[in-house]
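J.: Residue numbers (my numbering): 3 to 199. We treat Cβ as the ideally placed atom computed from N, Cα and C, and that holds for glycine. Before we start, here is the structure in question, set down as structure tokens.
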Amino acid sequence: MAILGCGGLGGHVAEMLTRIGVGHLTLIDPDTFDEHNLNRQNFSTLAVLGQAKVHVLKHHLIAINPALQIRPIAHRFDPAGDMPLIDDADVVIDALDTPEVKLSLATACRSHSRPFVHGAIAGMDGQLAVNAPLEHLYHDGTHGAESTAGNLSFSAAFIASLQAAETVKLLLDLGESLEGEVLITDLMYGDFTHIPA
3 MAILGCGGLG GHVAEMLTRI GVGHLTLIDP DTFDEHNLNR QNFSTLAVLG
53 QAKVHVLKHH LIAINPALQI RPIAHRFDPA GDMPLIDDAD VVIDALDTPE
103 VKLSLATACR SHSRPFVHGA IAGMDGQLAV NAPLEHLYHD GTHGAESTAG
153 NLSFSAAFIA SLQAAETVKL LLDLGESLEG EVLITDLMYG DFTHIPA
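Here's what the structure looks like:
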């Protein structure tokens, strides 16, 4: 399993998958925790400000399950050259915050036949997709809506829980995957919309 981005979405997904018993996690994120992460990012506390997210997550996840094998990579993932870092991943989880990299990752996962679970949040809105192209979701490929709407703790936890559920469904071949569609969520009004992927 590979989680790209260890912030609001990635931290929550990592904990959920650890608690459900996933045995191997590759965590990729170049960033350190900062004060502006405190409102929504799992494992972000005053005590870890300035520390690398991947190493903080590893420390806390091992405390939950000492048998978990974690490979932390403090690196800005570039799909053009870094796909070998996730070659052994059964599922790639997109918890990135840059639309351009999300688009490139989705394309690379399709070309490598790598199962891919996308998630994104902005304010009370979120989106989730499985093995889907993302071009129609990020028209200009440069800015996400979170740059103006911000990110909220419950939005991150909600979409992360859906990402974790879709990941488990892919791993165990359970139920019906969201493959072929995108789920758009609006927690302000409780609206959940499925659109073609």
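Helix, strand or coil for R42? Go by DSSP, reduced to three states.
T.: Coil at R42, not helix or strand.
J.: G121 lies in the beta strand (DSSP E); which residues open and close that run?
T.: That run of the beta strand (DSSP E) goes F118 to A124.
J.: What whole-angstrom Cβ distance do I2 and A4 have, given they're in contact under 8 Å?
T.: Nothing can be reported for residue 2: it is not among the residues displayed for the chain, which extend from 3 to 199.
J.: Determine the burial state of T18: buried for a count of at least 16 other Cβ atoms within 10 Å of its Cβ, exposed for fewer.
T.: Here residue 18 is Met; the residue named in the question, Thr, does not match the sequence. Looking at its Cβ environment, which holds 16 or more other Cβ atoms inside 10 Å, M18 is buried.
J.: Give the DSSP-derived three-state secondary structure of G143 in the structure shown.
T.: Confidence is the limiting factor: at G143 the pLDDT is only 49, short of 50, which leaves the residue's position unreliable and the question unanswerable from this model.
J.: Distance, Cα to Cα, T169 vs E181?
T.: Using only the alpha carbons, I get a separation of about 12 Å.
J.: What separation, rounded to the nearest whole angstrom, lies between the Cα atoms of D193 and S155?
T.: For D193 and S155, the distance between alpha carbons rounds to 18 Å.
J.: At what residue ranges does the segment 52-76 contain a whole run of the beta strand (DSSP E), taking only runs of 3 or more?
T.: Fully enclosed beta strand (DSSP E) runs of 3 or longer: 71-75.
J.: Measuring only the C-alpha atoms, how far is L59 from A199?
T.: Roughly 32 Å between the two C-alpha positions.
J.: Mind checking I30: buried by the 16 CB within 10 Å criterion, or exposed?
T.: Buried is the call here.
J.: Use the C-beta contact count for T28: other C-beta atoms within 10 angstroms, 16 or more gives buried, fewer gives exposed.
T.: T28 comes out buried.
J.: In or out: G23 buried (at least 16 other Cβ within 10 Å) or exposed?
T.: G23 is exposed by the Cβ-count criterion.
J.: Let me know the secondary structure DSSP gives G128 once reduced to three states.
T.: G128: strand per DSSP, three-state reduction.
J.: Kindly indicate which residue of A162, I186, G177 and D99 has the alpha-carbon position closest to the one of P32.
T.: Out of A162, I186, G177 and D99, D99 has the C-alpha closest to the C-alpha of P32.
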